Amino acid sequence: GAVVSQHPSWVICKSGTSVKIECRSLDFQATTMFWYRQFPKQSLMLMATSNEGSKATYEQGVEKDKFLINHASLTLSTLTVTSAHPEDSSFYICSARETTGLDTQYFGPGTRLTVL
Amino acid sequence: GENVEQHPSTLSVQEGDSAVIKCTYSDSASNYFPWYKQELGKGPQLIIDIRSNVGEKKDQRIAVTLNKTAKHFSLHITETQPEDSAVYFCAAIPYSGGYQKVTFGIGTKLQVIP
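Going down the list, the protein sequences come from chains A and B.
If you're matching positions, the first sequence starts at 1 in the numbering used here and goes up one per residue.
If you're matching positions, the second sequence starts at 117 in the numbering used here and goes up one per residue.
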């Protein structure tokens, strides 16, 4: 149980285009989902917390207009990287927390974004 | 805010030996401590967790210990196998029933040498 999927698993795009990444909880409902960014050989950096039906909470230094987050249902959150640039190239990982109130977070497999 | 320190950053062991990874945290409000294993190109996978009302938890070859007084917790892997090679992250969470921010350690790259 507690499976989180991400789509796509990898994407290559041209500079200036927008990319949408989906995060789904497959066998549980997630009131809260989290988006992380990970650079090579580094730890996970929390970008934002996504709550179903409300606006996302962004961490300090993360541009909310560049990284648009939508959490339209209890099983789906999306991250859109708008007007992507090469410096946005990274590994993006989502996680989901069950609505049961337990604090365990389950991570998706990640999305590798390369901006040319 | 919470600060989690993890060491060592890299660890090489012979197959069959034990591996120990240690973490310390700063926020006494933290009460939930998960450990994640991340293989190359994949997302982190929860392997074991411990809550502050427990001092030790074991699951087959993996065990975690927690010392609340000293604010440190450790991951122990016994009888290591090559498939244990990965990056391991510890984390500390002050569970409050609502929004929670996970603070991760920097990660430990474990290499099990056959």
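For each residue, glycine too, the CB sits at the ideal point set by N, CA and C.
Please read all numbers here as calculations on a predicted model, not as lab measurements.
- A Cβ-Cβ separation of about 6 Å places A/Pro-8 in contact with A/Thr-111 under the 8 Å criterion.
- The beta-carbon distance between A/Ser-18 and A/Glu-52, rounded to whole angstroms, is 23 Å. This is too long to meet the 8 Å contact definition.
- Residue pairing by DSSP places B/Val-129 opposite B/Val-228 in a beta bridge.
- Fewer than three Cβ pairs drawn from the segment 221-228 of chain B and the segment 155-175 of chain B lie within less than 8 Å of each other, which leaves the two stretches out of contact.
- If you compare the alpha carbons of A/Gly-16, A/Val-3 and A/Trp-10 with that of A/Pro-86, the shortest gap goes to A/Gly-16.
- Chain-ordered listing is empty here: chain B has no CB closer than 9 Å to the CB of A/Phe-39, the nearest sitting near 12 Å.
- A direct Cα-Cα distance of roughly 25 Å separates B/Asn-119 from A/Glu-98.
- In chain order, Gly-159 and Pro-160 make up the part of chain B whose C-beta sits under 8 Å from the C-beta of A/Ile-93.
- In chain order, Tyr-152, Gly-159, Pro-160, Gln-161 and Leu-162 make up the part of chain B whose C-beta sits under 8 Å from the C-beta of A/Phe-107.
- Residue-level contact check: A/Ser-43 touches chain B, since one or more beta carbons of chain B fall below 8 Å from its beta carbon.
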